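Participant:
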Amino acid sequence: MMPDLGDFAVEVLAAYGVSIVLLVWLTVVSIRRARKLRRQLAEVEARKERADV
Amino acid sequence: MSIWEYANPKKFMTTTTPMVPWVMGLAGLLMAGGLAWGFFATPDDYRQGSTVKIIYLHVPAALMAINAWFMMLVTSLIWLVRRHHVSALAARAAAPVGIVMTLIALITGAIWGQPMWGTWWAWDPRLTSFLILFLFYLGYIALWEAIEDPDTAADLTSVLCIVGSVFAVLSRYAVNFWNQGLHQGTSVPVATGERTVADVFFYPLLVCMVGFGLLFLGLVLIRTQTEIRARRMRALEARMRR
Numbered sequence: 064m065m066p067d068l069g070d071f072a073v074e075v076l077a078a079y080g081v082s083i084v085l086l087v088w089l090t091v092v093s094i095r096r097a098r099k100l101r102r103q104l105a106e107v108e109a110r111k112e113r114a115d116v
Numbered sequence: 615m616s617i618w619e620y621a622n623p624k625k626f627m628t629t630t631t632p633m634v635p636w637v638m639g640l641a642g643l644l645m646a647g648g649l650a651w652g653f654f655a656t657p658d659d660y661r662q663g664s665t666v667k668i669i670y671l672h673v674p675a676a677l678m679a680i681n682a683w684f685m686m687l688v689t690s691l692i693w694l695v696r697r698h699h700v701s702a703l704a705a706r707a708a709a710p711v712g713i714v715m716t717l718i719a720l721i722t723g724a725i726w727g728q729p730m731w732g733t734w735w736a737w738d739p740r741l742t743s744f745l746i747l748f749l750f751y752l753g754y755i756a757l758w759e760a761i762e763d764p765d766t767a768a769d770l771t772s773v774l775c776i777v778g779s780v781f782a783v784l785s786r787y788a789v790n791f792w793n794q795g796l797h798q799g800t801s802v803p804v805a806t807g808e809r810t811v812a813d814v815f816f817y818p819l820l821v822c823m824v825g826f827g828l829l830f831l832g833l834v835l836i837r838t839q840t841e842i843r844a845r846r847m848r849a850l851e852a853r854m855r856r
């Protein structure tokens, strides 16, 4: 299944490894921050509603 | 219906929220498919050997690094002219995505350059302008973080974005401006359509480019929504303190 990368296996695998790690990291960080902010905003909105009542 | 309706944060949120899972899902499918196609099912190049497989990461990342800056330029200009907060926040949201794309292009370029050119780095016009673009991304992100007042930060980062656009243009056309250096011209010239890449490499590359483009779009939507929520949260907290 794994293609024969010949003399350049280290270079090709390193390029794929680094790129995939960076892309996954960016995606995970973006989604985590989005969830955290959504939760925090809901809390602040609830607090504001209670204060208004 | 006008495009400016989406400058309303509420309208932006209600329109983009259902889009995000589809955009991200399609991006994941195309990227996984395109990269697997390129890695497992394409032959080695007769001169570059298996290093040609790096093209499926390097070219889409470089393309998105430059396009991200142009998207930031357009949204920054909209902010400066029309003062729509969503456009300033979209520019801010795009910068971390753009810097990661630039970093991937620089790293994969160095890894590809070492066996092909015999060096990790050369002060070639395209490589140098790309490094400067990376530094502009760093400066842009740092400037947003350094200024407390969001409107002032949006104004100053917009100006920085306009200045940095020179290097975004240079990154794309440096090879045409200076006929020197190691980096070859663009492999897929959109304007002329005269590509120098064989079909067997081009089709998986095209899938990867679309996948990277959709990933960029999905991440910018997610991050813009986050910036809008953060802004609303700060506004509510300020109101409650009064």
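Chains as they are written, first to last, in my numbering: chain A, 64 to 116; chain B, 615 to 856.
Here a beta-carbon is modelled for each residue, glycine too, at the ideal position from N, C-alpha and C.
None of these values were measured; they are calculated from a predicted model.
#1: Please name the residue or residues paired with G663 of chain B in a DSSP beta bridge.
#2: Could you check whether the Cβ of M686 of chain B sits closer than 7 Å to any Cβ belonging to chain A?
#3: Do the segment 725-734 of chain B and the segment 658-671 of chain B touch if we need at least three Cβ pairs shorter than 8 Å?
#4: Go ahead and pull the three-state DSSP assignment for I761 of chain B.
#5: Take the Cβ of A114 of chain A as the centre, count every other Cβ of all protein chains shown within 10 Å, and call the residue buried at 16 or more, exposed below.
#6: Check the C-beta distance from V834 of chain B over to V711 of chain B and give it rounded, since I have them as a contact under 8 Å.
#7: Say yes only if the C-beta of D765 of chain B is nearer than 6 Å to one or more non-hydrogen atoms of the ligand FAD, and no if none qualify.
#8: With a cut-off of 8 Å on the beta carbons, I'd call M685 of chain B and A708 of chain B a contact; round off their distance for me.
#9: Measuring alpha carbon to alpha carbon, tell me which of B:M645, B:W651 and B:L747 ends up nearest N681 of chain B.
#10: Mind checking whether F744 of chain B and S772 of chain B have CB atoms under 7 Å apart?
#11: If we cut at 7 Å on Cβ distances, does L74 of chain A have a partner in chain B?
#12: Output the boundary residues of the alpha helix (DSSP H) element that contains E619 of chain B.
#13: Within the same chain, show all residues whose beta-carbon is closer than 7 Å to that of W683 of chain B, passing over the 5 residues directly before and after it, in chain order.
#14: Pick helix, strand or coil for D115 of chain A, following the three-state DSSP scheme.
#15: What residues in the segment 712-729 of chain B have a beta carbon less than 8 Å from any beta carbon of chain A?
#16: Provide the residue span of the alpha helix (DSSP H) that contains A849 of chain B, from first to last.
#17: Here's the rule: buried if 16 or more other CB atoms are within 10 angstroms of the residue's CB, otherwise exposed. What is D763 of chain B?
#18: Select from B:A676, B:I692 and B:R696 the residue whose C-alpha is nearest the C-alpha of V714 of chain B.
#19: Considering just the uninterrupted stretch of the alpha helix (DSSP H) at A708 of chain B, what are its terminal residues?
Facilitator: With the structure as the only source:
#1: G663 of chain B is bridged to B:D659.
#2: No, no contact with chain A.
#3: Yes: the two stretches touch, three or more of their Cβ pairs being nearer than 8 Å.
#4: Reduced to three states, the DSSP call for I761 of chain B is coil.
#5: It counts as exposed.
#6: That pair is a contact at about 6 Å.
#7: Summarising the ligand content, the structure contains no ligands, and the ligand FAD is consequently not present.
#8: Going by Cβ atoms, the distance from M685 of chain B to A708 of chain B rounds to 6 Å, so yes, they are a contact pair.
#9: Comparing Cα-Cα distances from N681 of chain B to each of B:M645, B:W651 and B:L747, the minimum goes to B:L747.
#10: Taking 7 Å as the cut-off, the Cβ atoms of F744 of chain B and S772 of chain B do not count as close.
#11: At residue 74 of chain A the sequence reads Glu, which differs from the Leu that was named. Yes, E74 of chain A counts as interfacial toward chain B.
#12: Neither: E619 of chain B is in no alpha helix (DSSP H) and is coded neither H nor E.
#13: Hits under 7 Å: G712, L747, G778, S779 and A782.
#14: Helix.
#15: Of all residues in the segment 712-729 of chain B, V714, L717, I718, I721, T722, I725, W726, Q728 and P729 have a Cβ within less than 8 Å of some Cβ in chain A.
#16: Bounds of the alpha helix (DSSP H) holding A849 of chain B are D813 to R855.
#17: So D763 of chain B ends up on the exposed side.
#18: With distances taken between Cα atoms, V714 of chain B lies closest to B:A676.
#19: Per DSSP, A708 of chain B belongs to the alpha helix (DSSP H) from H699 to W731.
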